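Asker: I'd like to ask some things about the structure below.
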Amino acid sequence: MFKNISSYDEIELKQNALLIFDIDETIMRFDGISRNWWINKLNEYYNIHQDHKKANDCALKEWIDHIKLNKAKLIDREKLFNIFSKALSEYNCEIIFITARHIDMKDMTEKHFEECDISEYIHKIYYNENKGILLKELLEDKYKNHKDIIFIDDSIKKLENIYSINNDNENHNLSLYLFNY
Ligand SMILES: [Mg+2]
């Protein structure tokens, strides 16, 4: 269903493809938030509240408070810029970002893109927790002319959701990459 990669140069580009990146832990990270941060926080809050929804809300609030105060950093600037420039100049791809961040975080997200020097892309960020549904809508409308769709995300759950909703789309070929740095 998806290919595991630990570096952007493992992405197999295709001519005229739509190249889609997740944001958090796929292109961007924050000091103080490790890959295990969410698992640890969810456990911590679950032990306090004994409720998954409450634990998730508390962890999300703490995460938002943290990223509000900390500067965003690209995970691997050199390789990300390499794949961006190769995708645009050699493969004629279009690059967009799909994040599960809430639309309320738009201003903060645009600030993070500015901090990472990639603010030329802020008009290509789409916000929706259900990435599969959002992608389906985008492929029926705005991006219907792209045959090949390449999606890079660090979350297995998100990739499973994208796959389950878009895999039987006859007009598009979907390539999914699980990014783990
Ligand atoms: Mg992510």
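Converting from the sequence shown to our numbering requires adding 4 to each position, the first position being numbered 1. Beta carbons: idealized from backbone N, C-alpha and C, even for Gly. From a predicted model like this one, the values you see are computed outputs, not experimental measurements.
Checking 8 angstroms against the spacing of the C-beta atoms, do L139 and I107 come in under that value?
Answerer: no
Asker: In three-state terms, what does DSSP make of F88?
Answerer: helix
Asker: Is the distance from the Cβ of A76 to the Cβ of E119 below 8 angstroms?
Answerer: yes
Asker: I52: buried (16+ other C-beta within 10 angstroms of its C-beta) or exposed?
Answerer: Label assigned to I52: exposed.
Asker: Go through the segment 22-110 residue by residue and report every complete run of the beta strand (DSSP E) that reaches 3 residues or more, in order.
Answerer: 22-25, 98-103
Asker: Thinking L22 and I153 are a contact (beta carbons under 8 angstroms), I'd like their distance in whole angstroms, please.
Answerer: 5 angstroms
Asker: Give the DSSP-derived three-state secondary structure of K7 in the structure shown.
Answerer: strand
Asker: Indicate whether H150 and E94 have their beta-carbon atoms separated by less than 8 angstroms.
Answerer: Result no, Cβ atoms of H150 and E94 do not sit closer than 8 angstroms.
Asker: Below 8 angstroms on the Cβ atoms is my contact criterion, and I expect K148 with N175 to pass it. Report the Cβ-Cβ distance as a whole number of Å.
Answerer: About 7 angstroms separates the beta carbon of K148 from that of N175, a gap short enough to meet the 8 angstroms contact definition.
Asker: Do you know how far the Cα of E133 is from the Cα of I160?
Answerer: 14 angstroms
Asker: Would you identify the three-state DSSP class for I15, choosing helix, strand or coil?
Answerer: coil
Asker: Which partner residues does N177 have in the DSSP bridge list?
Answerer: Partner residues in the beta bridge of N177, as assigned by DSSP, are D152.
Asker: Around the Cβ of K162, are there at least 16 other Cβ atoms within 10 angstroms (buried) or fewer (exposed)?
Answerer: buried
Asker: Using CA atoms only, rank isn't needed, just tell me which of I129, N74, Q19, S10 is closest to I37.
Answerer: That would be N74, whose Cα lies nearest to the Cα of I37.
Asker: Compare the C-alpha of I129 against each of D111, W67, I137 and name the closest.
Answerer: Here the closest residue by C-alpha is D111.
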